[in-house]
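A.B. asks: So that we are looking at the same thing, I have put the structure below in structure tokens.
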Amino acid sequence: MESYRFQPGETPVLISLPHVGTDLPREIAVGMTDWAQRVPDTDWHLDRLYNFAPALGAGFLAATQSRYVIDLNRDPSRSGLSGGRGFTELCPTSTADDLPVYLDGCQPDAVEVRRRIMTYWHPYHRQLQAELAALKDRFGIAILLDAHSAKAAGDAPAPGRSDFNMVTADDTSASPHLSRRLSNVLACSDDFTSLFDPRAAGGYIARHYGRPEDNIHVVQLEISQGTYMDETPPFRYRGDLASSVRPVLERFVSALVEWSWEHAQGRRQRVAYY
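Okay, so the sequence shown: first residue is 4 according to the working numbering, each after it adds one.
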């Protein structure tokens with residue numbers, strides 16, 4: 004079973020969707036609670052929300068497996084279940100709402116975690132690393148948008164949260180010039196709130212792959228799910244809501260593409276004929 008779907012692009016920009024997957028291998032699902040089998044903490048519909056991006060030349064790397072199988076945005080090098088407690092573990096044992104993922108006695112042990120790392124985590128990251136290296140070789144620059152979504156807390160965003168939340172791994176994963184341009188794009192929207200916090204650490208992908216000094220830039224963007232979908236089962240995509248969000252995302256991805264061309268190197272730069 005493939006752990007990801009990959010579609011190459013024609014620009015230096017790649018979009019990563021590590022939490023969009025919903026697949027649960029049968030041997031894992033049988034030990035999970037009924038609620039967990041509904042994979043409520045999925046970054047629902049992001050592949051659909053961003054489906055304009057290939058027309059702009061951006062590539063796509065999207066997980067197929069649920070983050071309950073393994074969280075592709077966590078560090079696999081730590082011992083045991085790794086990465087923290089409950090929802091922040093490499094193989095989560097509780098949901099974001101602190102409900103159990105597994106039936107009693109069915110939690111993955113260290114051997115099972117290592118198996119999932121080999122089966123699901125490494126293939127995704129090998130493809131991610133290879134594509135960033137290929138973009139850097141082809142264009143002299145690579146830009147990764149690590150795309151996420153999250154359920155809003157109640158009827159209003161939690162303190163320090165907004166409709167669009169952008170981070171750059173403690174201001175180390177992307178050029179400050181790129182970050183400012185992107186934050187300005189978000190701030191220009193009258194219909195949505197946005198927050199750029201360069202001090203926020205971000206997830207493993209932003210922290211591990213972002214090397215602006217080597218012309219590899221990673222920006223993590225999280226969207227509030229209430230802006231484009233129903234946050235309760237069956238987690239329905241809302242085209243009426245998404246029609247307002249998508250133009251903001253299109254401007255955001257367009258800004259990524261334009262900035263990447265401005266900083267591409269040598270003969271690999273885009274040439275405009277007009």
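By construction, the Cβ of each residue, glycine as well, lies at the ideal position given by its N, Cα and C atoms.
Only a predicted model underlies this, so the values are computations on that prediction, with no experimental measurement involved.
Have a look at G108, T91, C109 and Q110 and flag the residue whose alpha-carbon is nearest the alpha-carbon of D101.
C.D. replies: For the purposes of this step, residue 101 is taken as the residue at position 98 of the sequence shown. The shortest Cα separation from D101 among G108, T91, C109 and Q110 belongs to T91.
A.B. asks: What distance in whole Å lies between the Cβ atoms of T196 and D233, which are believed to be in contact at a cut-off of 8 Å?
C.D. replies: The residue labelled residue 233 in the question sits at position 230 within the sequence shown. The residue labelled residue 196 in the question sits at position 193 within the sequence shown. The pair is not a contact, with the Cβ atoms about 20 Å apart (cut-off 8 Å).
A.B. asks: Since I believe P201 is in contact with D243 (beta carbons under 8 Å), could you give me their beta-carbon distance rounded to a whole number of angstroms?
C.D. replies: Numbered from 1 along the sequence shown, position 240 holds the residue referred to as residue 243. Numbered from 1 along the sequence shown, position 198 holds the residue referred to as residue 201. Not a contact, Cβ separation roughly 34 Å.
A.B. asks: Identify every residue that forms a DSSP beta bridge with S152.
C.D. replies: In the sequence shown, residue 152 corresponds to position 149, counting from 1. Per DSSP, I226.
A.B. asks: For A161, name the three-state secondary structure that DSSP assigns.
C.D. replies: Your numbering for residue 161 matches position 158 in the sequence shown. For A161, the pLDDT reaches just 47, beneath the cut-off of 50, and the residue's location in the model is therefore unreliable, although a value from the coordinates is still provided. Looking at A161 - three-state DSSP - the assignment turns out to be coil, as it is neither helix nor strand.
A.B. asks: In angstroms, rounded to a whole number, what distance separates the CA positions of L138 and E265?
C.D. replies: On the sequence shown, residue 138 is found 135 positions in, with the first residue counted as 1. On the sequence shown, residue 265 is found 262 positions in, with the first residue counted as 1. Cα-Cα distance, rounded: 15 Å.
A.B. asks: Are the beta-carbon atoms of Y7 and P126 separated by less than 8 Å?
C.D. replies: As a working mapping, residue 7 is identified with position 4 in the sequence shown. As a working mapping, residue 126 is identified with position 123 in the sequence shown. Going by C-beta atoms, Y7 is nearer than 8 Å to P126.
A.B. asks: Using DSSP's beta-bridge definition, name the partner residues of M232.
C.D. replies: Mapped onto the sequence shown, residue 232 falls at position 229. According to DSSP, M232 bridges with Y240.
A.B. asks: Within 10 angstroms of the Cβ of T235, are there 16 or more other Cβ atoms? Answer buried if so, exposed if not.
C.D. replies: Residue mapping note: residue 235 aligns to position 232 of the sequence shown, counting from 1. T235 should be labelled exposed.
A.B. asks: Taking 8 Å as the threshold, find out whether the stretch 28 to 46 comes into contact with the stretch 106 to 113 through three or more Cβ pairs.
C.D. replies: Contact holds: three or more Cβ-Cβ distances are below 8 Å.
A.B. asks: If you draw a straight line from the C-alpha of V116 to the C-alpha of D217, how long is it?
C.D. replies: By 1-based counting over the sequence shown, the position of residue 116 is 113. By 1-based counting over the sequence shown, the position of residue 217 is 214. Looking at the two C-alpha atoms, the distance is approximately 33 Å.
A.B. asks: Have a look at S192 and P250 and give me their C-alpha separation to the nearest angstrom.
C.D. replies: Indexing the sequence shown from 1 puts residue 192 at position 189. Indexing the sequence shown from 1 puts residue 250 at position 247. Looking at the two C-alpha atoms, the distance is approximately 10 Å.
A.B. asks: Using 8 Å for Cβ pairs, my map puts G213 next to S176. What's the rounded Cβ distance?
C.D. replies: As a working note, residue 213 is residue 210 in the sequence shown. As a working note, residue 176 is residue 173 in the sequence shown. Their Cβ separation, rounded to whole angstroms, is 3 Å, which keeps G213 and S176 in contact under 8 Å.
A.B. asks: Quick one: Cα of F63 to Cα of T14, how far?
C.D. replies: Against the sequence shown, residue 63 aligns to sequence position 60. Against the sequence shown, residue 14 aligns to sequence position 11. Cα to Cα, the separation comes out at about 11 Å.
A.B. asks: Assign S82 to buried or exposed, taking buried as 16 or more other Cβ atoms, counted over all protein chains shown, within 10 Å of its Cβ.
C.D. replies: As a working note, residue 82 is residue 79 in the sequence shown. Because S82 sits at a pLDDT of 39, beneath the cut-off of 50, its placement in the model cannot be relied upon, and the point is left open.
A.B. asks: Helix or strand or just coil, what does DSSP make of N54?
C.D. replies: The residue labelled residue 54 in the question sits at position 51 within the sequence shown. Three-state result, N54: coil.
A.B. asks: In chain order, what are the residue ranges of uninterrupted alpha helix (DSSP H) at least 4 long that sit wholly in the stretch 27 to 71?
C.D. replies: Listed in chain order, the complete alpha helix (DSSP H) runs (minimum 4 residues) inside the stretch 27 to 71 are 29 to 32 and 49 to 52.
A.B. asks: Alpha carbons only, please: which of A172, L224 and I226 is nearest the one belonging to H211?
C.D. replies: Locating residue 211 in the sequence shown gives position 208, where the first residue counts as 1. Closest option to H211, Cα to Cα, is A172.
A.B. asks: Ordered along the chain, which non-local residues of its own chain (more than five positions away) have a Cβ less than 8 Å from that of H128?
C.D. replies: Locating residue 128 in the sequence shown gives position 125, where the first residue counts as 1. Around H128: L75.
A.B. asks: Since L20 contacts A56 with CB under 8 Å, what's their CB separation in whole angstroms?
C.D. replies: Position 17 of the sequence shown holds residue 20. Position 53 of the sequence shown holds residue 56. With a Cβ gap of about 10 Å, L20 and A56 do not count as contacting.
A.B. asks: In the DSSP output, what is A10 paired with across the bridge?
C.D. replies: As a working note, residue 10 is residue 7 in the sequence shown. A small fix is needed here, since residue 10 is Gln in this sequence, not Ala. Per DSSP, F63.
A.B. asks: The beta strand (DSSP E) with S197 in it runs from where to where?
C.D. replies: Against the sequence shown, residue 197 aligns to sequence position 194. Residues S197 to F199.
A.B. asks: Considering only C-alpha positions, which residue in the set A150, S80, A133 and L148 is nearest to I120?
C.D. replies: Mapped onto the sequence shown, residue 120 falls at position 117. The candidate whose alpha carbon is nearest that of I120 is S80.
A.B. asks: Can you tell me where the alpha helix (DSSP H) with N168 in it begins and where it stops?
C.D. replies: Taking the first residue of the sequence shown as 1, we reach residue 168 at position 165. Run containing N168: none in the alpha helix (DSSP H); it sits in the beta strand (DSSP E), F167 to V170.
A.B. asks: Taking the Cβ atom as the reference point for each residue, do L17 and A145 lie within a distance shorter than 8 Å?
C.D. replies: Position 14 of the sequence shown, counted from the start, is the residue given in the question as residue 17. Position 142 of the sequence shown, counted from the start, is the residue given in the question as residue 145. Yes, the pair counts as a contact, with Cβ atoms nearer than the cut-off.
A.B. asks: Distance check for Q268 and H97, CA to CA, integer angstroms please.
C.D. replies: In the sequence shown, residue 97 corresponds to position 94, counting from 1. In the sequence shown, residue 268 corresponds to position 265, counting from 1. The sequence shown places Ser at residue 97, rather than the His named in the question. Rounded to the nearest angstrom, the two C-alpha atoms are 46 Å apart.
A.B. asks: Which residue from L147, V248 and I226 puts its Cα closest to that of D194?
C.D. replies: The count along the sequence shown starts at 1 and reaches residue 194 at position 191. Comparing Cα-Cα distances from D194 to each of L147, V248 and I226, the minimum goes to V248.
A.B. asks: Could you tell me the distance, in whole angstroms, from the CA atom of W124 to the CA atom of I73?
C.D. replies: Locating residue 124 in the sequence shown gives position 121, counting from the first residue. Locating residue 73 in the sequence shown gives position 70, counting from the first residue. For W124 and I73, the distance between alpha carbons rounds to 7 Å.
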